[in-house]
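This note's numbering puts the first residue of the sequence shown at 82, with every later residue one more than the last.
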Amino acid sequence: MASKLAQYQKHRMAENYLVIWVDGNIDMANQDCQNTMEQLRAVVNQVTPCETAEQCIQQLTENQEEISFVISSGAIGQHLVPDIHDMAKLNAIFIFCGNKQRHQVWAQNWPKIKGVHTTIKHICDKLATAIKQYNQDHMSEILLEIKHEQQAVQDLVIYCQEQYQGNKKEIKIIKEFQRTYQASNAIWCTNPDVSLVFAKEALKMTDMVGILFQITIDPTASSTPFASIQEVSYYKEEEEILFTMHTVFRIGEVRKIDNNRALYQADLKLTSDDDPQLQELTDFIRKEVSGTRWRRMGQLLFKIGQFDKAEELYLALLEQPSDHSDRAHIYHQLGVMKYSQGQYEEAVAFYEQSLKIEQKTLPKDDPSLAPTYNNIAAVYNNMGDYSKALEFYEKSHEIYEKALPTNHPDLAKSYNNIGQVYNNLGDYSKALEIYEKDLQIRKKALPPTHPDLAISYTTIGQVYNNMGDYSKALEFYEKSLKIKEKSLPPNHPRFGNSYSNIGQVYNNMGDYSKALEFYEKDLEIIQKALPANHPSLATSYSNIGGVYSDMGDYSKALEFYEKSLEIKEKSLPPNHSR
């Protein structure tokens, strides 16, 4: 069973990192808390607030596949840190308090604590640095494993020529590079023209300090590549030693060596290959971003939010020879991107190309097929082709039933998807029957404040709303909203769905002012979270237009309907049912 589970799981796009802010005094109605959250979200979009250590531990446990960062008050941190410090995916902890001296005493005993801070600005700066370092740790190893063909050099030359068009001096350097470059002589940073570029950039910075690195190397203990380049460097008198880009040093003493100027000495020691901490980090990185070299690069670009670059890379990879599994994966990832951008026809085209390859190489009930069937169904559902959506959801569900235990959360999601299609088809009794199966699984498998439980309550509420039982619908919608308020950060996109649903119920009940209030909350969140032409924005405009129409304000209704129509014409196929 475990091996089957591993087979069908594929990388999913989600929030780049899990950032948890835990403090017993968090109150998102308070302006100071709102300002703190706003500054944190300038660094990473989604921040999860927790009021207790238990809530924090629960979030970390439920999101074990996400790289996480924790910002904790001093009071809670003193008891929380011992329980979470050794979690594999926890990257760093920041203590946010009003008494720095008091909490520095215990914090210094925990290596993952990256400082005790009294201002949110310092926290944000350190958090941004930690995320950047994590990205670099992944990038360098992947880049070093990639084998570049001669075409890569030509592509670089063409790119540089385009960038420096008309600059005779730079074009001359580029041509010299094209003529003389070979991998065994990859020390162009020592070329005077290239090194002067770095020097000129450095001279623009006035807030620098000087650091002298004193490096200790034991050649018998490390296989990290390094070499003297004195004989081939332009600056022979400097006796330079060049280290490979992924070299890791252990920092020893750092001390000031000139009291009159900002000059420091840092003692470094080259790490050995059997260094246990380095090996643990390396193994962790390799496991997280697994696969072939270029596939790993694509997955990493996804993870750090570089979606355009990921798409560019995948399209380039499709032009190169590769095995079937690689091509299936590439098409699948392109489908994920197009789906998230609301480009449904392109998404289903990519998914179907992936499926075509998988069906040729895998057994018909292989767990790896389930996510592809599921994703194709989701696209058809959003396109309004419900019979197609049901066909693919049921294929996916059939595989899940064979591969998963009866109370697995992903089986609940599968029930939910099928129920949604029956709801869209107007078969409400069937939808309610399926949704109840989904809810029962999630109640057993998930904690009571898990965001996915909110989904189950929402979908049942939708059925009751469609059946005209508005009080029952409102009951389930409000259960869903309460869970989201406890488990999600303010302005999370999932709140938009709750606001829209509650607005619809009030509109059906004839309470137009209340309906407008919730629809406008939904619109505000969608405008922040989604692209300008996303179909969900069209739905939001249409909902508001409907309320104004029911209120008799037809000019206002027409204004919002036209906004909705403009987006639908750009984002949906001509035969869409909505």
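C-beta: ideal position from N, C-alpha, C; glycine also. None of the values given here were measured: they were computed from a predicted structure.
Could you pull the DSSP bridge partners for residue i from this structure?
{"i": "tryptophan 191", "result": "Its beta-bridge partners do not exist; DSSP assigns none."}
{"i": "proline 130", "result": "Trp102"}
{"i": "serine 149", "result": "Leu99 and Leu171"}
{"i": "phenylalanine 557", "result": "Answer by DSSP bridge pairing: none, since phenylalanine 557 is not bridged."}
{"i": "lysine 337", "result": "Tyr345"}
{"i": "lysine 350", "result": "Thr297 and Arg331"}
{"i": "phenylalanine 307", "result": "Phe324"}
{"i": "glycine 416", "result": "Glycine 416 pairs with nothing; no bridge assigned."}
{"i": "histidine 198", "result": "Phe177"}
{"i": "glycine 291", "result": "Leu344"}
{"i": "serine 154", "result": "Phe177"}
Between the Cα of residue i and those of the options, spot the shortest distance and give me the residue it belongs to.
{"i": "glutamate 439", "options": "Glu426, Ala209, His413 and Lys419", "result": "His413"}
{"i": "leucine 157", "options": "Gln235, Ile148 and Gln136", "result": "Sequence check: residue 157 is isoleucine here, not leucine. When each option's Cα is compared against that of isoleucine 157, the closest is Gln136."}
{"i": "tyrosine 98", "options": "Asn111, Arg122 and Cys114", "result": "Arg122"}
{"i": "leucine 344", "options": "Leu323, Gly379 and Val290", "result": "Val290"}
{"i": "glutamine 346", "options": "Ile625, Ile292 and Trp191", "result": "Ile292"}
{"i": "glycine 105", "options": "Asp592, Asn116, Thr117 and Ala134", "result": "Ala134"}
{"i": "leucine 161", "options": "Ala188, Ile457, Leu351 and Tyr461", "result": "Ala188"}
{"i": "valine 125", "options": "Glu132, Asn248, Trp102 and Cys131", "result": "Trp102"}
{"i": "alanine 458", "options": "Ala484, Val417 and Asp447", "result": "Val417"}
{"i": "isoleucine 194", "options": "Asp236, Val234 and Ser149", "result": "Ser149"}
{"i": "serine 645", "options": "Asp634, Leu604, Met632 and Lys609", "result": "Leu604"}
{"i": "glutamate 427", "options": "Val460, Tyr454 and Lys441", "result": "Val460"}
{"i": "threonine 328", "options": "Val335, Thr539, Glu334 and Ile296", "result": "Ile296"}
{"i": "methionine 632", "options": "Leu398, Lys595 and Gly333", "result": "Lys595"}
{"i": "lysine 155", "options": "Tyr395, Phe473 and Glu132", "result": "Just to set this straight, residue 155 is glycine in the shown sequence, not lysine. Measuring from the Cα of glycine 155, the nearest candidate turns out to be Glu132."}
{"i": "tyrosine 467", "options": "Pro529, Gln232, Gln259 and Gly507", "result": "Gly507"}
{"i": "threonine 261", "options": "Gln235, Tyr245, Leu415 and Lys250", "result": "Gln235"}
{"i": "asparagine 662", "options": "Pro574, Thr539 and Glu392", "result": "This structure gives no information on residue 662, because the portion of the chain shown stretches from 82 to 659."}
{"i": "aspartate 206", "options": "Lys250, Glu257, Tyr245 and Ile152", "result": "Ile152"}
{"i": "threonine 352", "options": "Arg331, Arg336 and Val335", "result": "Arg331"}
{"i": "alanine 430", "options": "Lys441, Leu415, Pro444 and Thr210", "result": "Leu415"}
{"i": "alanine 209", "options": "Lys249, Ala173, Ala233 and Ala512", "result": "Ala173"}
{"i": "threonine 454", "options": "Leu443, Ile239, Glu472 and Gly465", "result": "Note that residue 454 corresponds to tyrosine in the displayed sequence, not to threonine. Taking only the C-alpha atoms, the option nearest tyrosine 454 is Glu472."}
{"i": "isoleucine 515", "options": "Tyr474, Lys419 and Leu485", "result": "Tyr474"}
{"i": "lysine 565", "options": "Met590, Phe307 and Thr530", "result": "Thr530"}
{"i": "isoleucine 625", "options": "Leu611, Ala613, Tyr215 and Tyr642", "result": "Tyr642"}
{"i": "glutamine 259", "options": "Gln232, Gln244, Asn248 and Pro448", "result": "Gln232"}
Keeping to the same chain, check which residues put their C-beta closer than 6 Å to that of residue i; ignore five residues upstream and five downstream.
{"i": "serine 630", "result": "Ala638"}
{"i": "isoleucine 607", "result": "Gly577, Ser617, Leu618 and Ser621"}
{"i": "lysine 649", "result": "Ala619"}
{"i": "tyrosine 580", "result": "Phe599, Lys602 and Asp603"}
{"i": "aspartate 519", "result": "Ala493, Tyr496, Asn497 and Ser537"}
{"i": "phenylalanine 279", "result": "Summary for phenylalanine 279: the model assigns pLDDT 48, below 50, so the residue's position carries little reliability, and this model does not support an answer."}
{"i": "leucine 597", "result": "Val628"}
{"i": "glutamate 647", "result": "none"}
Keeping to the same chain, check which residues put their C-beta closer than 7 Å to that of residue i; ignore five residues upstream and five downstream.
{"i": "tyrosine 481", "result": "Ala451, Asp491, Leu492 and Ser495"}
{"i": "aspartate 339", "result": "none"}
{"i": "valine 586", "result": "Asn546, Tyr551, Ala554, Leu555 and Tyr558"}
{"i": "glutamine 242", "result": "Ile252 and Ile255"}
{"i": "lysine 199", "result": "In the sequence as presented, lysine is not what sits at residue 199; that position holds threonine. Answer for threonine 199: Cys178, Gly179 and Lys181, listed in chain order."}
{"i": "methionine 548", "result": "Tyr509"}
{"i": "histidine 478", "result": "Ser495 and Ile499"}
{"i": "lysine 483", "result": "Asp446"}
{"i": "isoleucine 204", "result": "Ile152, Phe175, Phe177 and His198"}
{"i": "proline 528", "result": "Gln139"}
Give me, in chain order, the residues of the same chain whose beta-carbon lies closer than 8 Å to that of residue i; leave out the 5 immediate sequence neighbours on both sides.
{"i": "glycine 627", "result": "Asn588 and Ala638"}
{"i": "isoleucine 522", "result": "Thr487, Asn488, His489, Pro490, Leu492, Ala493 and Tyr496"}
{"i": "tyrosine 635", "result": "Tyr629"}
For residue i and chain D, any beta-carbon pair shorter than 8 Å?
{"i": "lysine 249", "result": "Looking at the structure shown, chain D is missing, and only one protein chain is on hand."}
- Does the stretch 430-444 come close enough to the stretch 407-419 that 3 or more CB-CB pairs lie under 8 Å? yes
- Task: Would you mind listing the alpha helix (DSSP H) stretches within the stretch 427-466 that are 4+ residues and don't spill past its ends, in chain order?
- Result: 450-464
- State whether the stretch 561-572 contacts the stretch 532-552, with contact taken as three or more CB pairs (one from each stretch) at a distance under 8 Å. yes
- Is it a yes or a no for the stretch 168-178 touching the stretch 138-149, going by three-plus beta-carbon pairs under 8 Å? yes
- Say whether the stretch 500-513 touches the stretch 541-554, bearing in mind that this needs 3 or more beta-carbon pairs closer than 8 Å, one atom from each stretch. yes
- At what residue ranges does the stretch 555-604 contain a whole run of the alpha helix (DSSP H), taking only runs of 4 or more? 574-589
- Query: Mind pulling the alpha helix (DSSP H) runs of 4 or more residues that sit fully within the stretch 238-263?
  - Reply: 249-261
- Quick one: complete alpha helix (DSSP H) runs, 4+ long, within the stretch 623-655? 635-652
- Message: Which complete alpha helix (DSSP H) runs does the stretch 466-531 hold, if anything under 4 residues is left out?
- Response: 467-484, 490-506 and 509-526
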